[in-house]
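**Q** Residue numbers (this note's numbering), protein chains in the order written: chain A, 931 to 1161; chain B, 1067 to 1640.
Even glycine gets a Cβ: it sits at the ideal position worked out from N, Cα and C.
None of these values were measured; they are calculated from a predicted model.
Pasting a structure below so you can have a look.
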């Protein structure tokens, strides 16, 4: 699998961010996201056709047979490794890639969570690979906060590290603080890694110890990940 | 539970507002000779910082009314322990005559207070005596200076700036003194809420099916005749409750609210986060047991919570208490021990008198100090005060996975790594492992302390509850979760079982823990396994595994089975 790059974090300058939590508007997200993704449009479009996220009508869930109730249940299924990520279509917009899927928040601060998978059970290697995928031009001053307590993907215990960083918009503008989580878990000889990036909550005292202003929403897909062969 | 983060504290600040007394060797004379407190502490989370960072305006006016609570030691603790271990119960009169504080010694204490110009209230059997007087009188009596402060420009409060000095006349009967301030720390409540684009949380009907309440409801049980009571920091909003009842086709709420601002402080307005907590508590119980009488007691001063709890139990015998609040964020908070032990004495009495107490275990997983916003303890394993008492049933959190037909499929321990939320759990540093706490995989004395939670229920907002919350724009429908939702869920379930037992001429559930752990051991003749074993996920540290664990305890309930088990237990020779 190719190494993902995470240079698409949608951002606007601090000066124009309303509110204390520096949340981004959907329109700004789309603007900057569109610019940063411009070079990848054709490739992503092709991949999206081949690996299209599925939307279906169902009661509590679509992908797995069971699951928590979502207001707009939708799921992504990875045909190579068989894992599924159920998410709420009211909150996330998917972008499939050759290595997995990126679910970008359409509400809140514009954060996202990116999934990749590989064969084997090398959790540390998967985390390193995911971390190396960070675009260091876009994400600068990356500093480890701490290992993530309770790191897990799809209820499978794993490892994770939280980082702080400054996001520097590649199209210009002031940098803003972001929080980054890199996590990986392994099950049935498949290792899934995720990279979650979100605007840092700067309120004090914060209710978000790792800084993720929209951690509540980003945690949802992590819980609703179903591994191939998982009971 | 969105545990609201309080003001942080600074280690090493020592201001005397709560006192643990070193009792060994104290004479029991009626002398008013004084002695200096040996363990100066803060009584409330955030108070030390508020005093240190706030502006000291000098002595409080001498005519200001000041409250404090006196914790009283009971009698025959060995006999009481034996009684509780065997699920025995006593009447209030029996408690007062056998296990409660010695009335003659309390009379001496009250005489001393009266002689000094202070008023006090105490009922035979109570383990908390409340006292009040003018600041000047209190200052002279306890030899303490009480100053007024302003913090953050708007928070006005009074608090002592030194350790109180305890009269010898109080003798061995007095365990601790709390209060002496009216600082209102940020309420530790347990509501977690996300803005729902389209509300999709679980409904009363969903949970009724998921946890197998259906056989009880089909039998006509709705909690009628049973009282569920709630300590809250804020007034419930009637319009919000009405909206909930209307949405789910429930009868109107039957809620009685008690306040005593001079003794317990002033509750918050019915539109803030604490009011959301009150709404969630009342709605969850009403949704599952709509016939139950709901009684709310309002506190504004966490330091007087024990006194209010004492009143709640006195006023409502055989009731079920559901609490999603706490006086503090974690056991490691400076000075919290005095409050915890004071509350524990009240819970002990409630257990002996047959009252059920369900207490939220917190929403920061194994790291309850995260709610204290204290960097020094944030990543230290710690549990939530209140829930740590061995005389309450601590309720942890799960993520629920409903089958496509709404029936039970599976649950996992509630843990959200990115946001650091999860069901509270771990081992108490204050209380030893109770004798009843034995279960498959859990040997007597193996924990090194009281393990919690005891049980769990749906808490993750991913599978959260469809409820209404108050706001300045009116009732808002959304998704709430946390152990704040799991705890009233268990209280409602107990109300249904209580009604069932009463109708059959059997005694109510009462203090549930001894029976719950007994059932978990699958004794011969037990009609059915009452627990859904939860063997997935973690609470950010402890994995949920087979048997008891510090993430989900014994598991979540199959209510029909649990009702059968209690009936079997009551009818058998136990």
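Residue 1277 (chain B) and residue 1623 (chain B): beta carbons closer than 9 Å?
**A** The residue given as residue 1277 (chain B) occupies position 211 in the second chain. The residue given as residue 1623 (chain B) occupies position 557 in the second chain. In this structure, residue 1623 (chain B) lies closer than 9 Å to residue 1277 (chain B) by Cβ.
**Q** Would you be able to state if there are at least three C-beta pairs under 8 Å between the region 1494–1508 of chain B and the region 1447–1462 of chain B?
**A** Taking 8 Å as the limit for Cβ pairs, the verdict is that the region 1494–1508 of chain B does touch the region 1447–1462 of chain B.
**Q** Taking the alpha-carbon of residue 1161 (chain A) as reference, which of A:1009, A:1005, A:1013, A:1007 has the nearest alpha-carbon?
**A** In the first chain, residue 1161 (chain A) corresponds to position 231, counting from 1. When only C-alpha atoms are compared, the closest one is A:1013.
**Q** Go through its chain and collect everything with a Cβ distance to residue 1045 (chain A)'s Cβ below 7 Å, but skip five positions before and after it.
**A** Mapped onto the first chain, residue 1045 (chain A) falls at position 115. Excluding sequence neighbours, residue 1045 (chain A) sits near 1015, 1030, 1031, 1122, 1124.
**Q** Any beta carbon of chain A sitting closer than 9 Å to that of residue 1487 (chain B)?
**A** Mapped onto the second chain, residue 1487 (chain B) falls at position 421. Closer than 9 Å: yes.
**Q** Residues of chain B with CB closer than 9 Å to the CB of residue 1184 (chain A), please, in chain order.
**A** Past the edges of chain A, shown from 931 to 1161, lies residue 1184 (chain A), and the structure says nothing about it.
**Q** Given residue 1538 (chain B), which residues of its chain have a CB within under 7 Å of its CB, disregarding the five upstream and five downstream residues?
**A** Start at 1 with the first residue of the second chain, and residue 1538 (chain B) comes out as number 472. If we look at residue 1538 (chain B) and ignore the five residues flanking it on each side, its Cβ neighbours are 1337.
**Q** Rounded to whole angstroms, what is the Cα-Cα separation between residue 1567 (chain B) and residue 1035 (chain A)?
**A** Within the second chain, the letter at position 501 stands for residue 1567 (chain B). Within the first chain, the letter at position 105 stands for residue 1035 (chain A). So the alpha carbons of these two residues sit roughly 50 Å apart.
**Q** Less than 9 Å between the C-beta atoms of residue 1154 (chain B) and residue 1418 (chain B), yes or no?
**A** Taking the first residue of the second chain as 1, we reach residue 1154 (chain B) at position 88. Taking the first residue of the second chain as 1, we reach residue 1418 (chain B) at position 352. Yes, they are a contact pair.
**Q** Counting along the chain, where does the alpha helix (DSSP H) carrying residue 1062 (chain A) start and finish?
**A** In the first chain, counting from the first residue as 1, residue 1062 (chain A) sits at position 132. Segment 1053–1062, the alpha helix (DSSP H) holding residue 1062 (chain A).
**Q** Report the rounded CA-to-CA distance for residue 1471 (chain B) versus residue 1149 (chain B), giving the unit in angstroms.
**A** For this step, residue 1471 (chain B) is matched to residue 405 along the second chain. For this step, residue 1149 (chain B) is matched to residue 83 along the second chain. C-alpha separation (whole angstroms): 45 Å.
**Q** Nearest to residue 1574 (chain B) by alpha carbon, out of B:1633, B:1615, B:1502, B:1530?
**A** For the purposes of this step, residue 1574 (chain B) is taken as residue 508 along the second chain, with counting starting at 1. The residue with the shortest Cα to Cα distance from residue 1574 (chain B) is B:1633.
**Q** Going by beta carbon distance, what residues of the same chain come within less than 6 Å of residue 1292 (chain B), once the five residues before and after it are set aside?
**A** Numbered from its first residue, the second chain carries residue 1292 (chain B) at position 226. Hits under 6 Å: 1358, 1561, 1564, 1565.
**Q** Does residue 1035 (chain A) come within less than 9 Å of chain B when only Cβ atoms are used?
**A** Within the first chain, numbered from 1, the residue matching residue 1035 (chain A) stands at position 105. Answer no: the Cβ-Cβ gap between residue 1035 (chain A) and chain B never drops below 9 Å.
**Q** To the nearest angstrom, report how far apart residue 1050 (chain A) and residue 1069 (chain A) are at their CA atoms.
**A** Translated into the one-based positions of the first chain, residue 1050 (chain A) becomes position 120. Translated into the one-based positions of the first chain, residue 1069 (chain A) becomes position 139. Spanning the two alpha carbons is a distance of roughly 29 Å.
**Q** So, at 6 Å on beta carbons, what are the nonlocal neighbours of residue 1139 (chain B) in its own chain, with the 5 sequence-adjacent residues on each side left out?
**A** On the second chain, position 73 is the one that residue 1139 (chain B) refers to. Closer than 6 Å at Cβ, skipping near neighbours: 1239, 1241.
**Q** Can you list, in chain order, the residues of its chain whose CB lies under 8 Å from that of residue 1274 (chain B), leaving out five sequence neighbours each side?
**A** In the second chain, residue 1274 (chain B) corresponds to position 208, counting from 1. Cβ within range, chain order: 1280, 1283, 1354.
**Q** For residue 1406 (chain B), which of helix, strand or coil comes out of DSSP?
**A** Locating residue 1406 (chain B) in the second chain gives position 340, where the first residue counts as 1. Reduced to three states, the DSSP call for residue 1406 (chain B) is helix.
**Q** I want to verify the contact list: residues of chain B whose CB lies under 8 Å from the CB of residue 1078 (chain A), in sequence order.
**A** Counted from its first residue, the first chain places residue 1078 (chain A) at position 148. Those within 8 Å of residue 1078 (chain A) in chain B are 1483, 1484.
**Q** Would you mind giving the Cβ-Cβ distance between residue 1146 (chain A) and residue 1203 (chain B), rounded to the nearest angstrom? I have them listed as a contact below 8 Å.
**A** Translated into the one-based positions of the first chain, residue 1146 (chain A) becomes position 216. Translated into the one-based positions of the second chain, residue 1203 (chain B) becomes position 137. Residue 1146 (chain A) to residue 1203 (chain B), Cβ: 50 Å. No contact.
**Q** Of all Cβ atoms in chain A, is any one closer than 9 Å to the Cβ of residue 1606 (chain B)?
**A** The count along the second chain starts at 1 and reaches residue 1606 (chain B) at position 540. At least one chain A Cβ lies under 9 Å of residue 1606 (chain B).
**Q** Using Cβ-Cβ distances below 9 Å, what residues of the region 1134–1162 of chain B are close to chain A?
**A** Under the 9 Å Cβ criterion, the region 1134–1162 of chain B contributes no residue.
**Q** Can you pull the chain B residues whose beta carbon is under 7 Å from the beta carbon of residue 1148 (chain A), in chain order?
**A** Locating residue 1148 (chain A) in the first chain gives position 218, counting from the first residue. Residues of chain B passing the Cβ test: 1484.
**Q** Could you check the C-alpha separation between residue 1335 (chain B) and residue 1301 (chain B) for me, to the nearest Å?
**A** Here residue 1335 (chain B) refers to the residue found at position 269 when the second chain is read from its first residue. Here residue 1301 (chain B) refers to the residue found at position 235 when the second chain is read from its first residue. One C-alpha to the other measures close to 6 Å.
**Q** Below 7 Å CB to CB, which residues in the same chain sit around residue 1367 (chain B) once its five sequence neighbours on both sides are set aside?
**A** Counting from 1 along the second chain, the entry for residue 1367 (chain B) is found at position 301. Cβ within range, chain order: 1248, 1250, 1330, 1331.
**Q** Under 8 Å by Cβ, that's how I've got residue 1522 (chain B) and residue 1473 (chain B) pegged, so tell me the actual separation to the nearest angstrom.
**A** If you number the second chain from 1, residue 1522 (chain B) lands on position 456. If you number the second chain from 1, residue 1473 (chain B) lands on position 407. Their Cβ separation, rounded to whole angstroms, is 19 Å, which puts residue 1522 (chain B) and residue 1473 (chain B) out of contact at 8 Å.
**Q** Just checking, does the region 1387–1400 of chain B make contact with the region 1154–1167 of chain B on the three C-beta pairs under 8 Å criterion?
**A** Verdict: no, contact absent.
**Q** Among B:1306, B:1162, B:1123, B:1298, which residue has its Cα nearest to the Cα of residue 1215 (chain B)?
**A** Counting from one through the second chain, the residue named residue 1215 (chain B) turns up at place 149. Per the Cα distances, B:1123.
**Q** Contact between the region 1298–1315 of chain B and the region 1343–1353 of chain B is defined here as three or more beta-carbon pairs at a separation below 8 Å; is this criterion met?
**A** Short answer: they touch.
**Q** Alpha carbons only, please: which of B:1482, B:1222, B:1234, B:1447 is nearest the one belonging to residue 1151 (chain A)?
**A** Counted from its first residue, the first chain places residue 1151 (chain A) at position 221. Out of B:1482, B:1222, B:1234, B:1447, B:1482 has the C-alpha closest to the C-alpha of residue 1151 (chain A).
**Q** For the beta strand (DSSP E) containing residue 1160 (chain A), name the first residue and the last one.
**A** Taking the first chain and counting its residues from 1, the one referred to as residue 1160 (chain A) is at position 230. Run containing residue 1160 (chain A): none; DSSP gives neither H nor E here.
**Q** Kindly indicate if chain A contains any beta-carbon less than 9 Å away from that of residue 1615 (chain B).
**A** In the second chain, the residue the question calls residue 1615 (chain B) occupies position 549. So no, residue 1615 (chain B) is outside the interface.
**Q** For the region 1259–1328 of chain B, which segments carrying the alpha helix (DSSP H) assignment without a break, of at least 4 residues, lie completely within its bounds, in sequence order?
**A** Within the region 1259–1328 of chain B, the complete alpha helix (DSSP H) runs of at least 4 residues are 1270–1276, 1280–1284, 1304–1313.
**Q** By alpha-carbon positions, which one of B:1447, B:1181, B:1328, B:1372 ends up nearest to residue 1396 (chain B)?
**A** Taking the second chain and counting its residues from 1, one reaches residue 1396 (chain B) at position 330. Among B:1447, B:1181, B:1328, B:1372, the Cα nearest to that of residue 1396 (chain B) is on B:1447.
**Q** Kindly identify the DSSP beta-bridge partner or partners of residue 1445 (chain B).
**A** Residue mapping note: residue 1445 (chain B) aligns to position 379 of the second chain, counting from 1. Partner(s): none; residue 1445 (chain B) has no beta bridge.
**Q** Taking residue 1557 (chain B) as part of the alpha helix (DSSP H), name the residues at either end of that continuous run.
**A** In the second chain, counting from the first residue as 1, residue 1557 (chain B) sits at position 491. Where residue 1557 (chain B) is concerned, the enclosing alpha helix (DSSP H) stretches over 1549–1569.
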